[in-house]
Amino acid sequence: MHRSMLVARSFVLGLLILLAPACGTIAVQCCYWTQDLHRPESVRSLYVYGGTASEVVIAFKGLSGDAEYGGGESSSYGASGCLGPWILLDLPLTLAADTLLLPLCVYQQVTAADWNEEKFVAALEGRDPVERERAARALAYVEDASERGTRALIVALHDEDPQVRRSAILTLGERGSRSSTAAPELLTILREPDLRYAAASALRRIHPDPVAVLAPLRAAVKDPDPAVRRIAIGVLGALGSAAAPAVPELIEALGDPDPHVVGAAIDALGAMGPAAAAANDALRSLMERDPSHREQAERALFRIRYGDAPPSEPARR
Amino acid sequence: MSARAGRALLGVVAVLAAAAGCASTEVRRSHPQLASKDDPEQATVYFLRPAVERSGLSGVFGHGEDPIAVDVGGHELLVILEGDYVVAHLKPYLGMVALRQWHTIQNPPSPGTAAPTASTVVIHGGRQFTLFGRETYCFVVHAAEWSDGLAIEKVERAQAAEFASKLRPVGDAVDEPIRP
């Protein structure tokens, strides 16, 4: 065969391999590009828009794409198991492409990433609810979180879009004690069935000033809704010994008709440690009359007597 | 006997002695949760392991005869054999009391194999307990009835004393037997 013919055939064959739908890397990269994820602006916001670090690994999905096609299962790329021979040829190319693309992808994300709180605060005031929701999520990850961001998130708690509100609640929780000024607003959400658990979780994480939240939480322990009572008790427990003024309400809650409220009250008293010593008799009485809560009450009594420091040793193999 | 054969024999004796040591009921004196007997805030804890009657099939079925290790706070507190009971004085404790047992399964030789094979499995059990100072607790460890695992349960002292009358006290339990 003529040498130029051989080269031409090799070139065509190589091109076919690269263009074959079985080429995992190309298929995945096409997906990547059609979603505009290659643009610097998008790369910058991968983290914000739910990409996180998993998008970095996207380059390596070429190999797994090959494996999927080779297994004979249809995929979202429309390929099927009849491509076996192509896949065998494609595997080394995919491996090489993946190896080259991963560092590129990492480089792009590292250099283009820009976490600017001001930008997200501005987006939180925009018209598009999707952008507002994304901005609310992004504010959880800015390093130099300021009071301005917290204020913007507190305003977002009243957004007309429930997803924006949920993201704002979760982000306030993520920002921890930097969101402590949001406690009064979060407390008002405890009565909303769709958002109350997110709000309770955030309240536990932001370490609110006990003086600011004790009164409303003590009132919530007597709420007609058992879910509100239970959640409020859980938040009191998270305050630890700082919630000691609420011990009388918690002792009263040990007689609640809802067993979940009783369980929450037992745990909250235990979490307060020696500060809840006034509840000892009530807990012993509960152990005698209610076998279903006996072990839980016993654990609470232990924590009240000894606190959480050793000798209570949770170490496990 | 040559020096080499002597060393080999010594090694075999050492291994056998070590194996014999592992297979006795014993409280690990270095356990971090152990308290002095004179400490007023210690919990007195008895561990009992009743013997199980087997109809002449000892060593054939199940894992009943192998030693059981009791872990407290993630560290091995004691090893107990069937038919024994022991006492340990512990600091107040809230957490897992876990059980472990190594059981060697002998597989008979199948056609084409030269020798029987053996494999070791670890059987687990346990639950969370609360041990207050100045209190006495009695725990019975045994094979779980409806599973392949192990079980530990707290019993009243009177019941424990009844069990103990048929068991052999080991270690400090000789001087501190369970009294109803």
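Taken in sequence, the protein lines are chains A and B. The opening residue of the first sequence carries number 11 in our numbering; numbering runs sequentially from there. The opening residue of the second sequence carries number 221 in our numbering; numbering runs sequentially from there. Note that beta-carbon positions come from the ideal geometry of N, C-alpha and C, so glycine has one too.
Tell me, to the nearest whole angstrom, how far the beta carbon of residue 176/A is from that of residue 208/A; I am working on the premise that it is less than 8 Å. 6 Å
In angstroms, rounded to a whole number, what distance separates the CA positions of residue 280/B and residue 306/A? Any reading at residue 280/B needs caution, since the residue's pLDDT is 43, under 50, leaving its predicted position unreliable; the model's value is listed next. Spanning the two alpha carbons is a distance of roughly 41 Å.
Which of helix, strand or coil does DSSP assign to residue 312/A? helix
Kindly indicate which three-state DSSP category residue 346/B falls into: helix, strand or coil? strand
Of the listed residues 237/A, 240/A and 277/A, nearest to residue 251/A (C-alpha basis): 277/A
Can you say whether residue 350/B is buried or exposed, counting buried as having 16 or more other CB atoms within 10 angstroms of its CB? buried
Which whole-angstrom value describes the C-beta separation of residue 383/B and residue 270/B, a residue pair presumed to lie in contact below a C-beta threshold of 8 Å? 6 Å
Which residues, in order along the region 293–316 of chain A, keep a beta-carbon less than 9 Å from a beta-carbon of chain B? 305, 308, 309, 311, 312, 313, 315 and 316
First and last residue of the uninterrupted beta strand (DSSP E) at residue 313/B: 313–327
May I ask you to report which of helix, strand or coil DSSP gives residue 247/B? strand
Give the secondary structure of residue 364/B by DSSP, where H, G and I count as helix, E and B as strand, and everything else as coil. coil
Against residue 352/B, what residues of chain A qualify as contacts under a CB-to-CB distance less than 9 Å, listed in chain order? 308, 311, 312, 315 and 316
Identity of the residue in 268/B, 309/B and 262/B nearest residue 289/B by Cα: 268/B
If you pair each beta-carbon of the region 246–256 of chain B with each one of the region 335–346 of chain B, do three or more pairs fall below 8 Å? no
Since I believe residue 292/B is in contact with residue 317/B (beta carbons under 8 Å), could you give me their beta-carbon distance rounded to a whole number of angstroms? 6 Å
Contact check, residue 134/A vs residue 145/A under 8 Å by CB: the rounded distance? 4 Å
Between the alpha carbons of residue 347/B and residue 272/A, how many angstroms are there, rounded? 23 Å
Taking all protein chains shown into account, do 16 or more other C-beta atoms lie within 10 angstroms of the C-beta of residue 318/A, making it buried, or fewer, making it exposed? exposed
Secondary structure of residue 339/B, DSSP reduced to three states: strand
Any beta-carbon of chain A closer than 8 Å to the one on residue 287/B? no
From what residue to what residue does the alpha helix (DSSP H) around residue 207/A run? 206–215
Just to confirm my understanding: we take residue 390/B, look at its own chain, exclude 5 residues before and 5 after, and list those with CB closer than 6 Å. What are they? 245, 304 and 306
Using the rule of at least 16 other Cβ atoms within 10 Å of the residue's Cβ for burial, across every protein chain shown, is residue 312/B buried or exposed? buried
With DSSP as the reference, identify every bridge partner of residue 388/B, one or two as the case may be. 304/B
Drop a sphere of 10 angstroms on the beta-carbon of residue 326/B, count the other beta-carbons inside from all chains shown, and report buried for 16 or more, exposed for fewer. exposed
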